[in-house]
Structure formats: structure tokens, C-alpha cells
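Undergrad: Residue numbers for the sequence shown follow this note's numbering, so the first one is 183 and each next one is one higher.
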Amino acid sequence: MFKGSMPALITPMRNGAVDFDALKHLVEWHISEGSHGLVPMGTTGESPTLSHEEHDEVVETVVKAVAGRVPVIAGAGSNNTIETVRLVEHAKAVGADAALVVTPYYNKPTQRGLVAHYEAAAECGLPIFIYNIPGRSVIDMSPETMGVLAKNPNIVGVKDATADMARVSKQRETCGKDFIQMSAEDPSALGHIAHGGVGCISVTANVAPKLCAEFQEAMLDGDFAKALGYQDKLFALHEAIFMEPGLVGAKYGVSLLGHCSDEVRSPLTTLEDSTKQAIKDAMRFAGLIN
183 MFKGSMPALI TPMRNGAVDF DALKHLVEWH ISEGSHGLVP MGTTGESPTL
233 SHEEHDEVVE TVVKAVAGRV PVIAGAGSNN TIETVRLVEH AKAVGADAAL
283 VVTPYYNKPT QRGLVAHYEA AAECGLPIFI YNIPGRSVID MSPETMGVLA
333 KNPNIVGVKD ATADMARVSK QRETCGKDFI QMSAEDPSAL GHIAHGGVGC
383 ISVTANVAPK LCAEFQEAML DGDFAKALGY QDKLFALHEA IFMEPGLVGA
433 KYGVSLLGHC SDEVRSPLTT LEDSTKQAIK DAMRFAGLIN
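(1) Using the three-state DSSP reduction, which class does Lys-359 fall into: helix, strand or coil?
(2) So within the region 290-331, which uninterrupted beta strand (DSSP E) runs reach at least 3 residues, ignoring any that extend past its ends?
(3) In chain order, which continuous runs of the alpha helix (DSSP H) of length 4 or greater are located wholly inside the region 409-451?
(4) Is there a Cβ of chain C sitting closer than 8 Å to that of Thr-452, yes or no?
(5) Measure the beta-carbon distance from Leu-416 to Leu-393 and round it to whole angstroms, keeping in mind my assumption that it falls under 8 Å.
(6) Ile-471 by DSSP, collapsed to three states: which one?
(7) Since Leu-220 and Val-244 should fall inside the 8 Å C-beta cutoff, what is the C-beta to C-beta distance between them, to a whole number of angstroms?
(8) Lys-392 by DSSP, collapsed to three states: which one?
(9) Suppose only complete runs of 3+ residues qualify. What are the beta strand (DSSP E) ranges in the region 211-297, listed by chain order?
(10) Taking a contact to mean a Cβ-Cβ separation below 8 Å, would you say Thr-193 touches Glu-228 in this structure?
(11) Return the chain-ordered list of same chain residues with a C-beta closer than 7 Å to the C-beta of Pro-171, the five sequence neighbours on each side being excluded.
(12) With C-beta atoms as the reference, is Pro-325 less than 8 Å away from Arg-294?
(13) Taking just the CA atoms, how far does Val-436 sit from Ile-423?
(14) In terms of alpha-carbon separation, which member of Phe-202, Ile-213, Thr-263, Gly-216 lies closest to Val-241?
(15) Relative to the C-alpha of Pro-316, which residue among Ser-384, Glu-454, Phe-406, Lys-290 is closest?
(16) CB-CB under 7 Å to Val-209, same chain, minus the five flanking residues each way: which ones, in chain order?
(17) For Ile-321, which residues of its own chain have a beta-carbon under 6 Å away from its beta-carbon, when the five flanking residues on both sides are left out?
(18) Taking the alpha helix (DSSP H) that Pro-373 belongs to, which residues open and close that run?
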């Protein structure tokens, strides 16, 4: 159920407000392009700058628009366990298939604190994906701790942003081969899958959903030679999108395709002209624009 290319969905905005019509359009576009699932309200969806009410409405809008056609993993992360539980409960109530819960940022909990946080979230009864992103949260969940949590039937997988290929193998050892390992790093997703991952919660898939879906399908079929061709086509786009904060680059790329505006909320800003040009060039190279 949870595999392949799953865009970490941007949240379109217009005149300072969430553009829900554009959001519903994006859902239809992604499904038509072959995306295997959608992940609203992660950091790529600008969750840090949306109100709780907006967060809830975005998740509910995506779930309703998807209407069961692909799985929805709803962002439900916070460094506050009580707030995390509320977000997971809301995701469950509106019909999301799973929740994505980030390791609590800034607080720097111990490994024991991480276990308590995720066990509280798992009590809601919705499948939970751990989001391990030490570069932003400043805390790294060890494979051993993840192995402890993997024994909980409601903690089903991880979105791994470590870009450490050996980590995938280690987590297969500690968590078991059925634990769902999703890459969070577009440039290294090829290696992640080769080591035992089953997909990518992708930023680039916002801009190139069909190519990213076909890339993942090639790997899941075991055709790594074909996948390498997609990697070569997409790599410049991965790099260009992340020259500045990735969600800004992704939103700009989507705007070039006419699906939404490139508006973001402060403290993020629109891109430098040099970054815009790099994204345009990479999209041309990938065959996405003329």
C-alpha cells in the first residue's frame, strides 16, 4: 500500500491564503500522472507557517479529493507530544491512511523520550511513519530505538532523511524486512531502494510526478539500469530545487507548469533569479518544459 513515489505535497497559496481550488487540482494532476500516494502537511507543505485550522483543512481537503484512489499520509508532526496526538487523531478522523510524525525538533529528547513520544502517537490507532531528519530536528533516532518502536503494530515505517545507505540495511536488521522504509532524499533515492527501501516521499515529485513515479516503478521492478536513466534525467532538477529551501524551488517549478502560484509565506521568500534559471534549465533537460 505504501510504496513508490509519494509527493511531499506543496500547499498552494494566493494573496496570503491557502488556495484550496489549486490544491484540489494538484491532487487530480498527481493521480493522473501516476503518483502512488500523497503526503500533505509535511514541511514541504509549509506546515510551520500554517495555523492549526489551516493544517486540518488542508489534510481534510486532500483526503476528500483523493477519495481512496491512493494512500494519504498526513503530516502530523510537532515537538509537542500533546499537539502531535491531536494532529494524528484529526488525520484518523478525516480518513487519512497514515500519519507522518517527525522526531521532536529543538527539544532534543533522549532516545527514551523519542520512544515515549511515538508510543503516545501510536495509541491513536492510525499507522505511523517516523520522520527521521536529524539535519533539521537536531536529534537522530538510532536504528536500535527504531527497532523498539517497530514492535508496535501501529508504527509501520520511516521516512528517512539521513541519506545514509547503510542505515537502510541496519534498520532492516533492527526493524525487520516488513518495516516500510521510504527515502526522504531525492538525489539518493536510487541507493536507498537498492538497499531495501520501497519508495520516496519526494519533493521533486511535485514538479515531475510522472518521471518520479516511473523511476520508482523501474526500481521496484528490479530494473536498475532503466532507473539509472531516470536518475540521470532528474538529478539536475533535484540539485536545482534544493539550491534554496526545497519547497520554494518545488513551488516555483510547479508554477512554471501552470498549476499554482509560486507564493510562499514568510520567513521564506521567492527565489533568486539565478535559482529560477537553474530550475528552468533542469526542467528543460528533463523534458518538462520547452
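The beta-carbon is built from N, C-alpha and C at its ideal position, and this holds for glycine as well.
TA: Taking the geometry as given:
(1) The sequence position of residue 359 within the sequence shown is 177, counting from 1. In this structure, Lys-359 counts as coil in the three-state DSSP scheme.
(2) 310-314
(3) 428-438
(4) Of the protein chains in the structure, only one exists, and it is not chain C.
(5) Taking the first residue of the sequence shown as 1, we reach residue 416 at position 234. Taking the first residue of the sequence shown as 1, we reach residue 393 at position 211. Indeed, because the Cβ distance is near 6 Å, the residues count as touching under 8 Å.
(6) Along the sequence shown, one-based indexing puts residue 471 at 289. Coil.
(7) In the sequence shown, counting from the first residue as 1, residue 220 sits at position 38. In the sequence shown, counting from the first residue as 1, residue 244 sits at position 62. Right, their Cβ atoms sit about 6 Å apart.
(8) Within the sequence shown, numbered from 1, the residue matching residue 392 stands at position 210. In the structure shown, Lys-392 sits in a helix (DSSP, three-state: H, G or I).
(9) 255-257, 280-284
(10) The residue labelled residue 193 in the question sits at position 11 within the sequence shown. The residue labelled residue 228 in the question sits at position 46 within the sequence shown. In contact: Thr-193 and Glu-228 (Cβ atoms closer than 8 Å).
(11) With the chain covering only 183 through 472, there is no way to say anything about residue 171.
(12) Position 143 of the sequence shown, counted from the first residue, corresponds to residue 325. Position 112 of the sequence shown, counted from the first residue, corresponds to residue 294. Cβ distance not < 8 Å, so Pro-325 and Arg-294 don't count as in contact.
(13) Along the sequence shown, read from residue 1 onward, the residue named residue 423 stands at position 241. Along the sequence shown, read from residue 1 onward, the residue named residue 436 stands at position 254. If you take the alpha carbons of Ile-423 and Val-436, they lie about 11 Å apart.
(14) For the purposes of this step, residue 241 is taken as residue 59 along the sequence shown, with counting starting at 1. Out of Phe-202, Ile-213, Thr-263, Gly-216, Phe-202 has the C-alpha closest to the C-alpha of Val-241.
(15) Numbered from its first residue, the sequence shown carries residue 316 at position 134. Among Ser-384, Glu-454, Phe-406, Lys-290, the Cα nearest to that of Pro-316 belongs to Lys-290.
(16) By one-based count along the sequence shown, residue 209 stands at place 27. Hits under 7 Å: Leu-220, Val-244, Ala-247, Val-248.
(17) In the sequence shown, counting from the first residue as 1, residue 321 sits at position 139. Same-chain partners within the cutoff: Thr-285, Lys-290.
(18) Taking the sequence shown and counting its residues from 1, the one referred to as residue 373 is at position 191. Residue 373 is actually Gly in this sequence, not Pro. Unbroken alpha helix (DSSP H) run through Gly-373: 371-376.
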